[in-house]
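Peer 1: Following this message is one structure expressed as structure tokens.
In this note's numbering, the protein residues as written are 2 to 149.
And the structure:
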């Protein structure tokens, strides 16, 4: 795997960690508020109210139903499988003008462009993560994905 691919995989894992504070594959079936869904053939589209806010966010990247439907209509994804969710995240990173920064491993420029998409990233409104922690996690993931 080449370095840009490694950086992208590491960054996707960083987003998942920022969103869920966990690193396991179970994050792909988490809904806003902590519940889970089992049918990955489609977005669960369940409005959940928690912490004084209502949201349809679901999956590893906390995808809103409206955003999922847009991506589905454009042919970006077909379901809510982990692969489709990853494709969705890459599409959003590209839409926000951060893909080149992510591929280069430049978090100082990538993260500010993505804070409105993932509000758990450092400096965003719901973040509990400092940039130093994000960089350390990213480097840990780069090392993990660099192993043969």
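All C-beta atoms, glycine included, are put in the ideal place defined by N, C-alpha and C.
1. Work out the CA separation of residue 140 and residue 8 for me, nearest whole Å.
2. Mapping the DSSP letters down to three states, classify residue 99 as helix, strand or coil.
3. Using DSSP bridges, identify the partner residues of residue 11.
4. Under DSSP, the alpha helix (DSSP H) around residue 68 begins and ends at which residues?
5. Three-state secondary structure (DSSP) at residue 88?
6. Measuring alpha carbon to alpha carbon, tell me which residue in 143, 144, 116, 145 is nearest residue 131.
7. Looking at the structure shown, is residue 2 part of a helix, part of a strand, or coil, going by DSSP?
8. Specify the secondary structure class of residue 132 as computed by DSSP and reduced to three states.
9. Taking Cβ positions, are residue 63 and residue 33 nearer each other than 9 Å?
10. Pull up the DSSP beta-bridge partners for residue 59, would you.
11. Where residue 21 and residue 81 are concerned, what is the direct C-alpha to C-alpha distance, given to the nearest angstrom?
12. In three-state terms, what does DSSP make of residue 93?
13. Bridge partners of residue 39, per DSSP?
14. If you check the beta carbons only, do residue 142 and residue 19 fall under 9 Å apart?
15. Which of the three DSSP states, helix, strand or coil, is assigned to residue 47?
Peer 2: According to the structure data:
1. Going by the C-alpha atoms only, they are around 9 Å apart.
2. It is coil, neither helix nor strand.
3. Paired residue(s): none; residue 11 is not in a bridge.
4. It spans 66 to 74 - the alpha helix (DSSP H) in which residue 68 sits, taken as one unbroken run.
5. In this structure, residue 88 counts as helix in the three-state DSSP scheme.
6. Nearest C-alpha to residue 131: 116.
7. DSSP places residue 2 in coil when its eight states are reduced to three.
8. The answer is helix: DSSP assigns residue 132 an H, G or I state.
9. In contact: residue 63 and residue 33 (Cβ atoms closer than 9 Å).
10. Paired residue(s): 32, 64.
11. Their Cα atoms are separated by approximately 17 Å.
12. Of the three classes helix, strand and coil, the one that applies to residue 93 here is helix, per DSSP.
13. Bridge partners of residue 39: none, in fact.
14. Cβ distance not < 9 Å, so residue 142 and residue 19 don't count as in contact.
15. DSSP, reduced to helix, strand and coil, places residue 47 outside both helices and strands of the structure shown, so it counts as coil.
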